[in-house]
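J.:
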Amino acid sequence: MKKTTLALLATAALSFHTSATVVEIRTNMGTITVNLFDEDTPKSVENFLEYVTSGAYANNVVHRLEPSFVIQAGGFSYHNALPLDVVATGTPVINEPELSNVRGTIAMAKQGGNANSATSQWFINLKDNSANLDVQNGGFTVFGQVIGDGMDVVDAISALPRFNMGGAASSIPLRNYTAEDGSNGKDPTDENFVLITDIVVTDASTVTNPDLNPKPNTLIKATSPSNGSSSGGSINPLVLFLLAAGAAWARRCNWLAKR
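In terms of mature numbering (1 follows the signal peptide of the UniProt record, and there is no 0), the sequence shown is residues -20 to -1, 1 to 239.
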């Protein structure tokens, strides 16, 4: 009995340590390497990889930057002209709030008030956001972790100036672009957007980087499964943003008028 109990405990202890599938998010500011957590969040990883293999993330734009919070992508692409193209999405994925939203993790974005609404959009945590994102809206599903020097690239993106292009791009980071450019009617181009040229699988092994030790989401267990928001009564800014983004982006953005 003791040996069996120890074996079970060892298996449980390793449940958040086994990781698989490595992808490269290739951007015009450098490559962000991400280790996906296939076994801990299989539905979310499968969903993400379906968009990857379909080519949906080619020429994708990092359309949102909230300093000391997140950078977000996966929803819009640039193809040599504005407005940005909306990424076609499939069936939403079931929420899997198993891991914690600490710095360097990648998680699924979703609609406010609907825990099971994630499709193509994802974000990278710039800091430890576990206190609110682990519990808000059923918890935001972390499905991977940036490895190597990938966070150097993420931090460089987070240091860019932000501009208001309206709708989902109301806080978009732009390179080599100024307020004066906008005032003069100059639209941003591929020289200015943070573009994801592609996301590719570089290691599809069953087990990769087994030394990673992702932090489990322990906060969600302390909240009611039927309660989609935190007990403090505050509304997560990520939820507010996603509530407004879908409807607003359906119209062409007259972003100069909004400055």
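Even for Gly, the Cβ is constructed at its ideal location relative to N, Cα and C.
(1) Does residue 97 come out as helix, strand or coil in the three-state DSSP assignment?
(2) How big is the Cα-Cα spacing for residue 27 and residue 93?
(3) Could you check if residue 99 is buried or exposed, using at least 16 other CB atoms within 10 Å of its CB as the buried criterion?
(4) Using a Cβ-Cβ cutoff of less than 6 Å, which residues in the same chain neighbour residue 107 once the five nearest sequence positions on both sides are dropped?
(5) Helix, strand or coil for residue 22, going by three-state DSSP, please let me know.
(6) Enumerate in chain order the residues of its own chain whose CB-to-CB distance from residue 3 is below 7 Å, with the five nearest sequence positions on each side excluded.
(7) Assuming residue 134 contacts residue 126 (C-beta within less than 8 Å), just tell me the rounded distance between them.
(8) Given residue 1, which residues of its chain have a CB within under 6 Å of its CB, disregarding the five upstream and five downstream residues?
(9) Note down the Cα distance separating residue 110 from residue 197, rounded to an integer number of angstroms.
(10) Going by CA-CA distance only, name the one from 64, 55, 190 that's closest to residue 167.
(11) Report the option in 50, 67, 201, 40 whose CA atom is closest to the CA atom of residue 139.
(12) Quick one, which of 12, 75, 147 has its alpha-carbon nearest residue 25's?
(13) Going by the CB atoms, is the gap between residue 73 and residue 200 shorter than 8 Å?
(14) To test your reading of the DSSP string, which unbroken beta strand (DSSP E) runs of 3 or more residues are found completely within the segment 40 to 120?
(15) In this structure, how does DSSP classify residue 160 when only helix, strand and coil are distinguished?
(16) Rounded to the nearest angstrom, what separates residue 21 and residue 154 at their Cα positions?
(17) Please list the terminal residues of the continuous beta strand (DSSP E) segment that includes residue 129.
(18) Less than 8 Å between the beta carbons of residue 41 and residue 175, yes or no?
(19) For residue 190 versus residue 79, is the C-beta distance shorter than 8 Å?
(20) Comparing C-alpha positions only, which one of 124, 56, 61 sits nearest to residue 169?
(21) Go ahead and label residue 164 buried or exposed: buried means 16 or more other beta carbons lie within 10 angstroms of its beta carbon, across all protein chains shown.
(22) Determine the extent of the beta strand (DSSP E) in which residue 6 is found, giving its start and end residues.
(23) Taking just the CA atoms, how far does residue 52 sit from residue 161?
(24) What residue from 34, 57, 10, 77 has the CA that sits closest to residue 112's CA?
(25) Note down, in chain order, each residue of its chain lying with its Cβ closer than 6 Å to the Cβ of residue 85, except the 5 sequence neighbours on either side.
(26) Can you name the residues that DSSP bridges to residue 142?
(27) Name the DSSP bridge partner or partners of residue 124?
(28) By Cβ distance, which residues of its chain are closer than 6 Å to residue 149, with the 5 residues on each side in sequence left out?
T.: Straight from the coordinates:
(1) coil
(2) 20 Å
(3) buried
(4) 48, 83
(5) helix
(6) 14, 16, 32, 179, 180, 181, 182
(7) 6 Å
(8) 16, 18, 184
(9) 8 Å
(10) 64
(11) 50
(12) 75
(13) no
(14) 44 to 46, 50 to 53, 85 to 88, 102 to 105
(15) helix
(16) 32 Å
(17) Note, residue 129: premise wrong, no beta strand (DSSP E); not H, not E.
(18) yes
(19) no
(20) 61
(21) exposed
(22) 2 to 7
(23) 24 Å
(24) 77
(25) 105, 122, 125
(26) 153
(27) 16, 86
(28) 43
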